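At the far end of the sequence shown sits residue 317, using this note's numbering, and the numbering has no gaps. Here's the structure we're looking at; comments come further down.
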Amino acid sequence: MMVSADLARAILVGILAWQAAVGGASVWSMCLIALSVGALSVVFDSAAAAALPDLVGEGLFAGAMARNQSRDFALAMVGPLLGGALLQAGPKWAFAADAGSYVISALLLGFLSTKLTTDRRAQRTVAMIHDGIRAVVKDRVLGRLAVYLSALNLVLTGSVFATFVKFGTVSAGSAGIAVAAQAVGGVLGSLAAERIRRRLSARAIVGLHGGLWGAGLLAIALVPTTPVVAVGLGLGWLVAPALRLVLGTRLIEVVAPDMRARANSAVSLSTASLSLLGPPIAGLAGGVLGYGGTMAGFGLIALTAMLGARPTATR
Numbered sequence: 003m004m005v006s007a008d009l010a011r012a013i014l015v016g017i018l019a020w021q022a023a024v025g026g027a028s029v030w031s032m033c034l035i036a037l038s039v040g041a042l043s044v045v046f047d048s049a050a051a052a053a054l055p056d057l058v059g060e061g062l063f064a065g066a067m068a069r070n071q072s073r074d075f076a077l078a079m080v081g082p083l084l085g086g087a088l089l090q091a092g093p094k095w096a097f098a099a100d101a102g103s104y105v106i107s108a109l110l111l112g113f114l115s116t117k118l119t120t121d122r123r124a125q126r127t128v129a130m131i132h133d134g135i136r137a138v139v140k141d142r143v144l145g146r147l148a149v150y151l152s153a154l155n156l157v158l159t160g161s162v163f164a165t166f167v168k169f170g171t172v173s174a175g176s177a178g179i180a181v182a183a184q185a186v187g188g189v190l191g192s193l194a195a196e197r198i199r200r201r202l203s204a205r206a207i208v209g210l211h212g213g214l215w216g217a218g219l220l221a222i223a224l225v226p227t228t229p230v231v232a233v234g235l236g237l238g239w240l241v242a243p244a245l246r247l248v249l250g251t252r253l254i255e256v257v258a259p260d261m262r263a264r265a266n267s268a269v270s271l272s273t274a275s276l277s278l279l280g281p282p283i284a285g286l287a288g289g290v291l292g293y294g295g296t297m298a299g300f301g302l303i304a305l306t307a308m309l310g311a312r313p314t315a316t317r
């Protein structure tokens, strides 16, 4: 499934590279391809999360997931820089490099094999999604964590979109600093994720995560300067890797191996769906409340979601 998702993404992004080369790219085609690539990314990430315990063993899962997250955040710092350099050479080269990266990923994945147990019976997609949702909500802690993470994804995409609208039109450097600050926070958080998970309860991690996001966004609302925005967004990412580690560990503990892929898909579907709502909400709120009011609103959402999740998020 992961190889197929990578090859499909390579083809779609390759089409964008071809369109950019011949000058035939349209906004609608780019939106359609971006939507398709995003959907395939959800499939890929769900399959990867389900396969990881089988690759490394459940005892090493936490460390492996933390290292994966650290790598992803590090690449998130390098990716925009490389992409920007390629865009200067021409959009076709940026899209071609992106398509090539998916091909390389598919080739590397072809050498891996897992003993992942899946249900081979034919089943409709809707029924599979229903099974995944049922597996998640069956455990109250897992269900609360999934809902909380989904709400925070809305906060994340909304606040980042609002920040780009605020600073991107004024200073590309300020917008770049905001992106880099989040990546730095994610890298540092990934390095400490396993230690945080061992020393703090899930309840405490949820409280710390929501508290940092809420406090950071409220601080940005009060003092919307580049340094405060960078620190506020960076702090929000410090505990995010540990929270995802708690969610992944809990899923392994309470969900049967043959249902993990579907449970991961259900969580990914929930988080991705609310992520899509963040930018339009930020756009509407920004027109009425301004940047400060919008960030304050997202901060209050983060704190409310945290208070709703903490009562049952125990170890």
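Backbone N, C-alpha and C fix where the C-beta goes; we use that ideal spot for every residue, glycine too. Just so we're clear, the structure is a prediction, and the values are computed from it rather than from any experiment.
- Separation of the CB atoms of residue 265 and residue 253 is rounded to 6 Å, and the pair is thereby assigned contact status at 8 Å.
- Rounded to whole angstroms, the Cβ separation of residue 241 and residue 198 is 7 Å, and the two are in contact under 8 Å.
- Distance from the Cα of residue 5 is smallest, within the candidate group 113, 204, 32 and 205, for 113.
- Ranked by how close their Cα comes to the Cα of residue 96, the residues 32, 18 and 155 have 18 in first place.
- Comparing alpha-carbon positions, the option among 213, 135, 8 and 40 lying closest to residue 300 turns out to be 213.
- Nearest in C-alpha terms to residue 187, of all of 227, 152 and 231, is 231.
- In this structure, residue 273 keeps its C-beta atom at 9 Å or more from the C-beta atom of residue 160.
- The residue among 181, 14, 307 and 134 with its C-alpha nearest the C-alpha of residue 103 is 14.
- Here DSSP, grouped into helix, strand and coil, assigns residue 113 to coil.
- When the alpha-carbon of residue 136 is set against those of 184, 256, 87 and 306, the nearest one is in 256.
- The stretch 215-284 contains, as complete alpha helix (DSSP H) runs of 4+ residues, the segments 228-238 and 242-256 (chain order).
- Closest in alpha carbon position to residue 260, among 32, 185, 49 and 8, is 49.
- Residue 248 and residue 311 do not touch by the CB rule: their CB atoms are close to 11 Å apart, not below 8 Å.
- Here the alpha carbon of residue 39 sits roughly 6 Å from the alpha carbon of residue 11.
- Closest in C-alpha terms to residue 132, from the list 263, 22, 219 and 308, comes 263.
- In this structure, residue 275 sits away from residue 158, with a CB-CB distance that is not shorter than 9 Å.
- Nearest in C-alpha terms to residue 189, of all of 236, 285 and 211, is 236.
- The residue from 149, 267, 284 and 306 with its alpha-carbon nearest to that of residue 164 is 284.
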